[in-house]
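Under the working numbering, the first residue of the sequence shown is numbered 3, with each subsequent residue one higher.
Heads up, the beta-carbon is just placed ideally off N, CA and C, and yes, glycines get one too.
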Amino acid sequence: NELSGKGIGASVPSGQYAKDLIKLRSLINEIYDSNSLHPLLLAPGGFYDEHWFSQLLQDSRPGVFNVLTHHIYNLGA
3 NELSGKGIGA
13 SVPSGQYAKD
23 LIKLRSLINE
33 IYDSNSLHPL
43 LLAPGGFYDE
53 HWFSQLLQDS
63 RPGVFNVLTH
73 HIYNLGA
């Protein structure tokens, strides 16, 4: 959770995150091969960092994840 961009205490480079998503998609496809319904893959669930997210989209291929997620904390002006 919240390992994108600079992170808080820990982070994962976007290239590594993309590789992990590709591997996870492969496992999902393998496990659910005979089933017409596959679970959705939502990622990454972290703070928005434009450069990090751009790299993630470039490093992963289309169809790897179904939903791109990020966190926003609006704490005032």
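Check your understanding: Should the stretch 32–39 be regarded as contacting the stretch 54–65, the criterion being three or more beta carbon pairs within less than 8 Å?
Key -> At 8 Å Cβ cutoff, the stretches do not touch.
Practice item. Give me the Cα-Cα distance between Gly-47 and Ala-12, rounded to the nearest whole angstrom. Key: If you number the sequence shown from 1, residue 47 lands on position 45. If you number the sequence shown from 1, residue 12 lands on position 10. Using only the alpha carbons, I get a separation of about 14 Å.
Practice item. Could you check which residue in Tyr-50, Gln-18 and Leu-23 has the C-alpha nearest to that of His-72? Key: Along the sequence shown, read from residue 1 onward, the residue named residue 72 stands at position 70. With distances taken between Cα atoms, His-72 lies closest to Tyr-50.
Review point. Hey, how far is the Cα of Leu-77 from the Cα of Ser-38?
Key: Indexing the sequence shown from 1 puts residue 77 at position 75. Indexing the sequence shown from 1 puts residue 38 at position 36. The alpha-carbon atoms of Leu-77 and Ser-38 are separated by roughly 43 Å.
Exercise for review: Please report how far the alpha carbon of Asp-61 lies from the alpha carbon of Gly-17, in whole angstroms.
Suggested key: On the sequence shown, position 59 is the one that residue 61 refers to. On the sequence shown, position 15 is the one that residue 17 refers to. For Asp-61 and Gly-17, the distance between alpha carbons rounds to 6 Å.
**Study point:** Leu-23 vs Ala-45 beta-carbon contact at 8 Å
**Key:** Your numbering for residue 23 matches position 21 in the sequence shown. Your numbering for residue 45 matches position 43 in the sequence shown. For Leu-23 and Ala-45, yes; Cβs fall inside 8 Å.
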